[in-house]
Structure formats: C-alpha cells, structure tokens
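Asker: First, the structure itself, so that you have it in front of you.
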Amino acid sequence: MGDLVENREWYVAAYCPEGVPTSDHLKLRTVSLSLASDSIPDNHLAVETLLLSVDPFLRGTITGTVEGLFISQFQLDQVLTTFAVVRVIRSKDSKYSVGDLLLNGYGLVAEYSIVPSSHIIRKIDTSNGISLSDYLGSLGVPGFAAWLGIEVLGDPKPGSNVFISAASGAVGMNAGQLAKIRGCRVIGSTGSDDKVNLIKEQFGYDDGFNYNTESDFDAALSKYFPDGIDVYLDNVGGKMLEAVLNHVNMNARIPLCGMISQYNKVWTERDGVRNLLNMVGKEVRMEGFMIKSYLHRFGDFVKDMEGYLQEGKIKPKSKINIGIESFLESLNSIFSSSNIGKVVVQVKT
Ligand SMILES: NC(=O)c1ccc[n+]([C@@H]2O[C@H](COP(=O)([O-])OP(=O)(O)OC[C@H]3O[C@@H](n4cnc5c(N)ncnc54)[C@H](OP(=O)(O)O)[C@@H]3O)[C@@H](O)[C@H]2O)c1
C-alpha cells in the first residue's frame, strides 16, 4: 500500500430534526489521506476498517439538538463515528502491531483512518471461534445494552414473565436469549410474521406477536401475559409502553433501553403515556439507562457473553451489507424494519 490513499468517508452535510435521514443529510465523499509514518503521531495507529456497527443511536447524533436522548451532536462536515472492527496498517504504539484486529469505540465511518490508541477497546482474538461481526453485535453496543437491561436492571427470577419489544433486532435477540438462560418465560413483539417465527425458532422466545397486525396492544398483552408482566425491556416506547403499563405485576421493572418508535418525531409530536399512575399502586420501577454509564461493568459483560457464545447458549444473527457506500441505506433499514438481527457494514475483508 502506498503512503497516500483515496479514502471514502461519510460526513454530516445537514442536520435532520425529523423523519428519516436522506442523502441530503449524510453524504459520502472521497479525500486523500496520508498514511506515511511521519503523518502518524505517537500513540496513534493507521488502520483500515473491516466492519462498521450500524446503531439507532446514530439517528440521535444528527438531529441538531441534544433533546431526548441527550447525545452530543456531530458537527456539520464532521465524519461520523461508530463502533468498528479495524486492522492495523502502521503502528506508533508498542502495544499494537501491524495486522492486529481491534475493536475501536470511535471508529470513523471511513475506509482508512489514523486513530489515537486510547480509542481502542480491545484486541480481537480470532482463534476463539467468535465471528468478527459478533464483536459489534452480541459483544458490542447492543449486546451490552441487552445484558444491562436483563442482568443488571431487569434482574428477572426463574419463571418470571418477561416482555421484550423490537425482539428480532440486535438488542432484542440478545435480551431474549439472556432471559431464557435465566429460566424466564419470554415473549417478544416484532414487525413481521417472519420475524415472529425467527425469534421463536432461532432465539428461543416462548412466543411472540407482530405489532403491525395486532391492532389492539392491550388485548395482545392480555392474551400473552395472563399472569401479568414482571420485566419489560422497552426498545420502542410510545403506544407499546402505554399498553404494558396496564399489565404490570407488583414491583415490575421496566428498563428503558430505547424508544425507536419515537426517534423520527420532534418531541411535541411524540406519543404520550397516559397511565403512569399504574406505576404508583404496583410500585413499578421504570429506569432509563445508557451503556456509557456502566463501562465499569463491560469486563463482566464480556466474560459472560463470550462464554455464552462459545457454549452456543446465545445464537446471534447479523445482517451484513457490503461496501461503505451502503452505510446510509443500512442505517435506514433499522427504521423501515427491513433489518434482522445486528446490522453491520462490511468495508473490507
Ligand atoms: N440505552 C442504550 O445504551 C442503548 C444501546 C443500544 C441500543 N439502544 C436502543 O435499543 C433499541 C434497539 O436497538 P437495536 O440496536 O436492537 O436496533 P436494531 O437491531 O437496529 O433494531 C431496531 C428495530 O426496531 C424496530 N423498529 C423500528 N421502527 C419501529 C417502530 N416505529 N416501532 C416499533 N419498532 C420499530 C425494527 O424491528 P421490527 O421489525 O420489530 O419493527 C428494527 O429492527 C433502540 O431503541 C436503541 O436506541 C439503547
């Protein structure tokens, strides 16, 4: 490889306060990048990107306001960052060698980059049988969120009734399987009949329903939870959260992982939840959480999850889209429900 590369990268051209981001908001451009040794500062690495994680939180970074998820915003013209699997091309840090595969917590959405080694979360050992895409799924942001929601905040007991929305997505597939490992009865909601079959057949859910064909969420929850809900991991918010509050048991827990049904609306257009009063009498604990506040638990999570993956107790699924040019389409697939499992963009092999 020469010292100068033509590097494609996705950057923010305009903020997108509502609706789904388009090519007016996120654009792909080609820039020249020097990978020459004297262009790499000490304690930095020149890397090529193999895989990029496509996550709903990215939507919140380009609204132009921190309201809602309170995520800091990318600047206009700034290149997006996300979790990434990268390979070292040149190293100015003795801890890392050329050819090392690394998990980068601030991976530029670009083919090549020069990164401070402080952004590296871990080295990836390919000899353990875990696929590279799973480092962005079950062992990445969504797996960690699922683990926090079930193991730390939801903490269901064996036999508890657990409900998980967006059950076939990256968080949902891991959360359902973690709750099954705990011996719970687990029901999921998702956006198509095929996905309902998938969560039962591949992810081990006891049952599930298609929220697009159930016109009455209250009636659906009565049917699937005759004994009420003990833990609800909320990924969607809105009308589903409201319906759940009519079915909670005493001391139910509701970890609020995300509210994807509300992300593309300005706050005055979002659904209100009218029955919060049910939380009082049932002494329900509803708690929002962000993975960044639990980084001290990341090591415990990795130990658990690597074990489950190697033992085959958690069976992940990824949707791998090829080519950096597919990044915008991949992000939008999360909102059109055309994704399944963890969405990843493969930039290089
Ligand atoms: N708190 C944290 O630190 C943290 C970390 C990671 C993720 N999260 C949150 O966790 C949730 C799931 O994330 P993920 O990574 O699993 O996403 P994902 O794999 O990309 O899946 C998101 C899924 O949400 C469903 N969905 C989309 N629009 C919807 C709508 N209007 N109503 C209901 N469902 C809709 C779609 O599946 P269907 O076919 O089921 O519609 C889609 O597959 C998101 O809310 C995300 O923001 C939070």
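For the sequence shown, the working numbering assigns the number 71 to the initial residue and increments by one for each residue that follows.
All C-beta atoms in this analysis are idealised placements derived from N, C-alpha and C, irrespective of residue type, glycine included.
Buried or exposed for L346, going by 16 or more other Cβ atoms inside 10 Å?
Answerer: exposed
Asker: At what residues does the alpha helix (DSSP H) containing R355 begin and finish?
Answerer: Looking at the DSSP string, R355 is not in any alpha helix (DSSP H); the run it does join, the beta strand (DSSP E), is 355-358.
Asker: So N305 and A236 are in contact, right, with Cβ under 8 Å, and what is the actual spacing, rounded?
Answerer: 4 Å
Asker: Based on DSSP bridge pairs, tell me the residues matched to K389.
Answerer: V413
Asker: Measure the C-alpha to C-alpha separation of V417 and L105 and round it to an integer number of angstroms.
Answerer: 18 Å
Asker: Starting from the Cα of K335, find the closest Cα among E88, N282, V75 and give me that residue.
Answerer: Looking at the Cα atoms, E88 is the closest of the given residues.
Asker: If you follow the alpha helix (DSSP H) that M310 is part of, which residue opens it and which one closes it?
Answerer: Residue range 308-314 is occupied by the alpha helix (DSSP H) that includes M310.
Asker: May I ask you to verify whether the stretch 113-124 touches the stretch 177-184, counting CB pairs closer than 8 Å and requiring at least 3?
Answerer: yes
Asker: Would you mind reading off the limits of the beta strand (DSSP E) that contains E76?
Answerer: Run containing E76: 74-82, per the beta strand (DSSP E) assignment.
Asker: Give the single residue among D264, Y85, D297 whose Cα lies nearest to the Cα of T283.
Answerer: D264
Asker: Give me the residue from V354, F233, D108, G308 with the minimum Cα distance to C254.
Answerer: The shortest C-alpha separation from C254 is found at F233.
Asker: Output needed for F368: all residues of its chain with C-beta closer than 7 Å, excluding positions within five of it in sequence on either side, in chain order.
Answerer: F214
Asker: Whole-angstrom Cβ separation of I299 and D277, contact assumed at under 8 Å?
Answerer: The Cβ separation is near 13 Å, so there is no contact.
Asker: Can you tell me whether L74 is buried or exposed, with buried defined as 16 or more other CB within 10 angstroms of its CB?
Answerer: Exposed, by the Cβ-count rule.
Asker: According to the Cβ coordinates, are M310 and Y281 closer than 8 Å?
Answerer: yes
Asker: Taking C-beta to C-beta, are P226 and V301 nearer than 8 Å?
Answerer: yes
Asker: On the CB-based measure, 16 or more other CB atoms within 10 Å of its CB, does T135 come out buried or exposed?
Answerer: By the neighbour-count rule (16 or more Cβ atoms within 10 Å), T135 is not buried but exposed.
Asker: Please find out if some non-hydrogen atom of ligand 1 comes closer than 7 Å to the beta-carbon of D125.
Answerer: yes
Asker: What does a CB cutoff of less than 6 Å around Y378 pick up in its chain, not counting 5 residues either side in sequence?
Answerer: I384.
Asker: Which residue spans inside the stretch 215-243 form an unbroken beta strand (DSSP E) run of at least 3?
Answerer: 231-234
Asker: R344 and E376: beta carbons closer than 8 Å?
Answerer: no
Asker: Answer with buried or exposed for F140, where buried requires no fewer than 16 other C-beta atoms within 10 angstroms of its C-beta.
Answerer: exposed
Asker: Tell me whether S188 sits in a helix, a strand or coil according to DSSP, three-state version.
Answerer: Helix, per DSSP.
Asker: Span of the alpha helix (DSSP H) holding Y176?
Answerer: No alpha helix (DSSP H) contains Y176, which is instead part of the beta strand (DSSP E) from 171-178.
Asker: Closer than 8 Å is the cut-off here; do at least three beta carbon pairs connect the stretch 171-182 with the stretch 77-96?
Answerer: Segment contact: the stretch 171-182 against the stretch 77-96, three or more CB-CB distances shorter than 8 Å; contact assigned.
Asker: By the three-class DSSP mapping on this structure, what secondary structure does D277 have?
Answerer: strand
Asker: For K389 and N409, which I take to be in contact (beta-carbon distance under 8 Å), what is that distance rounded to the nearest angstrom?
Answerer: 5 Å
Asker: Output needed for I220: all residues of its chain with C-beta closer than 6 Å, excluding positions within five of it in sequence on either side, in chain order.
Answerer: A245, L248, A249
Asker: Starting from D300, follow the alpha helix (DSSP H) in both directions and report where the run begins and ends.
Answerer: Under the DSSP assignment, D300 falls outside any alpha helix (DSSP H), being part of the beta strand (DSSP E) whose first and last residues are 299-303.
Asker: Hey, would you say L202 sits closer than 8 Å to L120, going by beta carbons?
Answerer: yes
Asker: Taking M320 as part of the beta strand (DSSP E), name the residues at either end of that continuous run.
Answerer: Taken as a continuous stretch (DSSP letters only), the beta strand (DSSP E) holding M320 covers 318-326.
Asker: Return the CA-CA distance between Y176 and L150, expressed in angstroms with no decimal places.
Answerer: 9 Å
Asker: Taking just the CA atoms, how far does V415 sit from I394?
Answerer: 7 Å
Asker: May I have the straight-line CA-CA distance separating E271 from S238, to the nearest angstrom?
Answerer: 11 Å
Asker: Whole-angstrom Cβ separation of K412 and L128, contact assumed at under 8 Å?
Answerer: 14 Å between Cβ atoms; not a contact.
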